[in-house]
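Asks: Quick mapping for you: the protein sequence lines, in order, are chains X and U.
Residue numbers are given in the working numbering: position 176 of the first sequence equals residue 176, and the series is strictly consecutive.
Just remember that the working numbering sits 1000 ahead of the position in the second sequence, which is counted from 1.
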Amino acid sequence: TMLGFITTDANVEPAALKRALAKATDETFNRITVDGDTSTNDMVLVLASGLADNQPLDETHPEWANFYGALSACAESLAKKIAKDGEGATKLIEVQVTGAVSDEEAGKVAKAIVGSDLVKTAVYGKDGNWGRIICAIGYSGCTLDPDTIDIAIGPYETLVQSEPVVVDDTAISKYMEAETIVIKADLHQGQGVGKAWGCDLTYDYVRINAGYRT
Amino acid sequence: LTKQTTGQAWKQIKGSITDVKGFTTAGAHCGLKRKRLDIGAIFCDVPANAAGVFTLNQIQAAPLKVTKESLAHSSGKLQAVLVNSGNANACTGASGLVDAYEMRALAAAKFAVPEEAVAVTSTGVIGEKMPMEKVRSGIEDLVLSKESTPFAEAILTTDTGTKEVCVEVVIDQKTVRIAGVAKGSGMIHPNMA
């Protein structure tokens, strides 16, 4: 289960606050996955005291984007902390998708990649197995051309226009020793961008959950 | 990805939810977990504009129903949030709902605010009745302060550490803070709205 509690002293109109939380949630908390199980108790609450004494904020306020950016940054930071602390995890995985037909589809593709058990175990094993990544892209249900996909693991391009490129597996493995692994995919279908976060899948995940009630 | 990062006006600072004007928190141990803190509260000095997003899992724990009701009946004004860890109060039937309402009532009495100004939240094992004797004494033991750590610890389950963040942004030449605290480690694939 994830729980999130956000406080602010901003003076924010209630309806605008609700819309802002929903949007920020879609772009952050709803973009994390540890084990693919959606809890019965997930909840995020935001409370705004209004004590900062600014003019009431809504989408028409000239500085609304600054407020929303700060709220979203706060949510993203918490979401990444949750993903990084996934049960048994040793690494945070960030997937960055570009070139999707929409931001929403980019997010869906990113979450499909980061939610793949085989991608997660490959990350644990420091194995730059791009085949598992393109496989996850393929079943994401999003618009794509199977022949125009680029994939990179950290700074290393592994696939260009869906064709494998010669890569130094040793260098990729070395990169994958880091605590945060970035996987990039460019679909070349449009301007949509999105991120998702998860963690590697380790033996400890099984150990922890085999004994959760006992 | 540049769409999301251009024009950054905020900065991250050291702090947590109690470094925001109006907010205090509390955390205590009531025995839902063996040793660690397991019950906590957030309190706001004034009725706060509030909003929530909730799991879209069709099986929803009792506290979610109670919190949604609070938000609806208070026109989105909350002043206190009560959280327990160790027991999710999910799939606990009618008595689970009664327990969630009692938790809301006890927190309202403790902090001298209307019941509909209180949200309740639970996390932990699914399908076990909430041991209300422990919860009652835990609520009694809550002491509000500007120290955020006891609350951040009280909401944890299998997490290896607390999760807190605080950012600052200037709006209308006033410094505004937004801070958050979270928990989550397993059963994580949120789909909230």
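Idealized CB from N, CA, C, for every residue including glycine.
1) Thinking C-alpha only, which one of X/Ala152, X/Asp186, X/Val160 is nearest X/Ala171?
2) Rounded to whole angstroms, what is the Cα-Cα separation between U/Ser1075 and X/Thr180?
3) Considering only residues of the same chain and omitting the five flanking positions on each side of X/Val101, which have a CB-CB separation below 6 Å?
4) Helix, strand or coil for U/Leu1001 per DSSP?
5) Would you check if there are 3 or more beta carbon pairs closer than 8 Å linking the segment 1170 to 1182 of chain U to the segment 54 to 74 of chain X?
6) Measuring straight from C-alpha to C-alpha, what distance separates U/Met1103 and X/Thr121?
7) Helix, strand or coil: how does DSSP classify X/Cys135 here?
8) When you compare only the Cα positions, how much space is there between X/Asp9 and U/Ala1072?
9) Excluding the five sequence neighbours on either side, which residues of its own chain have a C-beta within less than 6 Å of the C-beta of U/Leu1001, listed in chain order?
10) Whole angstroms are fine: how far does the CA of X/Ser72 sit from the CA of X/Glu27?
11) Based on Cα-Cα distance, which residue from U/Gly1031, U/Lys1011, U/Leu1032, U/Gly1040 lies nearest to U/Glu1147?
12) Leaving aside the five residues before and after X/Ala112 along the sequence, list all residues of the same chain whose C-beta is less than 6 Å from its C-beta, in chain order.
13) Check X/Ala10 in the structure and name its three-state DSSP category.
14) The beta strand (DSSP E) spanning U/Ser1197 covers which residue range?
15) Can you give me the C-alpha to C-alpha distance between X/Thr202 and U/Phe1054, rounded to a whole angstrom?
16) State the CB to CB distance for the pair U/Tyr1101 and U/Val1046, rounded to an integer number of angstroms; the pair is presumed to be in contact (CB under 8 Å).
17) Of all the options X/Pro155, X/Gly128, X/Gly211, X/Gly50, which has the alpha carbon lying nearest to the alpha carbon of U/Lys1021?
18) Going by C-alpha distance, which of X/Ala16, X/Ile32, X/Ala22, X/Val165 is nearest U/Ser1185?
19) Using the beta-carbon count (16 or more within 10 Å), is X/Ala210 buried or exposed?
20) For the beta strand (DSSP E) that X/Cys199 lies in, which residues bound it at each end?
21) Can you tell me which residues form a DSSP beta bridge with X/Asp37?
22) Have a look at U/Leu1064 and X/Asn41 and give me their C-alpha separation to the nearest angstrom.
23) Does the segment 1006 to 1019 of chain U touch the segment 1109 to 1121 of chain U, meaning 3 or more C-beta pairs lie closer than 8 Å?
24) Figure out for me which residue from U/Ala1050, U/Ile1139, U/Gln1012 has the closest Cα to the Cα of U/Phe1205.
25) Give a yes or no on whether 9 Å exceeds the smallest Cβ distance from X/Asp117 to chain U.
26) Is the number of C-beta pairs between the segment 1025 to 1043 of chain U and the segment 1080 to 1090 of chain U that are closer than 8 Å three or more?
27) Nearest chain U C-beta to X/Tyr212 closer than 9 Å, yes or no?
28) To the nearest angstrom, how far is it from the Cα of U/Lys1134 to the Cα of U/Thr1123?
29) Measure the beta-carbon distance from X/Ile158 to U/Met1187 and round it to whole angstroms, keeping in mind my assumption that it falls under 8 Å.
30) Just the Cα atoms here: how many angstroms apart are U/Lys1003 and U/Ala1107?
31) Let me know if X/Val46 comes out buried or exposed under the rule of 16 or more other beta-carbons within 10 Å of its beta-carbon.
32) Since X/Glu87 contacts X/Val34 with CB under 8 Å, what's their CB separation in whole angstroms?
33) Using a Cβ cut-off of 9 Å, pull out every chain U residue sitting near X/Ile208, in sequence order please.
34) Can you tell me which of the three DSSP states X/Ile208 falls into?
35) Measuring CB to CB, does U/Ala1050 end up less than 9 Å from X/Leu57?
Replies: Answer, in terms of the structure:
1) X/Ala152
2) 42 Å
3) Thr143, Gln189, Gly190, Gly192
4) With a pLDDT of 41 at U/Leu1001, under the threshold of 50, the modelled position of this residue cannot be trusted, and the question is left open.
5) yes
6) Their Cα atoms are separated by approximately 41 Å.
7) helix
8) Distance between the alpha carbons of X/Asp9 and U/Ala1072 is about 22 Å.
9) Because U/Leu1001 sits at a pLDDT of 41, beneath the cut-off of 50, its placement in the model cannot be relied upon, and the following sentence gives the value as read from the coordinates. None.
10) About 8 Å.
11) Considering only U/Gly1031, U/Lys1011, U/Leu1032, U/Gly1040, the residue with the shortest C-alpha distance to U/Glu1147 is U/Gly1040.
12) Ala136, Ser140
13) coil
14) Residue 1197 of chain U lies beyond the stretch modelled for chain U, which goes from 1001 to 1193, so this question has no answer here.
15) Straight-line Cα distance between these residues: approximately 29 Å.
16) Not confirmed; about 24 Å, so no contact.
17) X/Gly50
18) X/Ile32
19) exposed
20) Where X/Cys199 is concerned, the enclosing beta strand (DSSP E) stretches over 192 to 199.
21) X/Asp37 pairs with nothing; no bridge assigned.
22) 7 Å
23) Cβ pair count under 8 Å is below three, so no.
24) Here chain U has residues from 1001 to 1193 only, and residue 1205 of chain U is not among them.
25) no
26) yes
27) yes
28) 15 Å
29) Correcting the residue identity first, residue 158 of chain X is Thr in this sequence and not Ile. Rounded, the Cβ-Cβ distance is 32 Å, inconsistent with contact.
30) With a pLDDT of only 43 at U/Lys1003, under the threshold of 50, the placement of this residue in the model should not be trusted, and no figure is reported.
31) buried
32) Your pair X/Glu87 and X/Val34 checks out as a contact, with CB atoms roughly 7 Å apart and the cut at 8 Å.
33) Neighbours of X/Ile208 in chain U, taken as residues whose beta carbon is under 9 Å from its own, are Thr1158, Ser1185, Gly1186 in chain order.
34) helix
35) no
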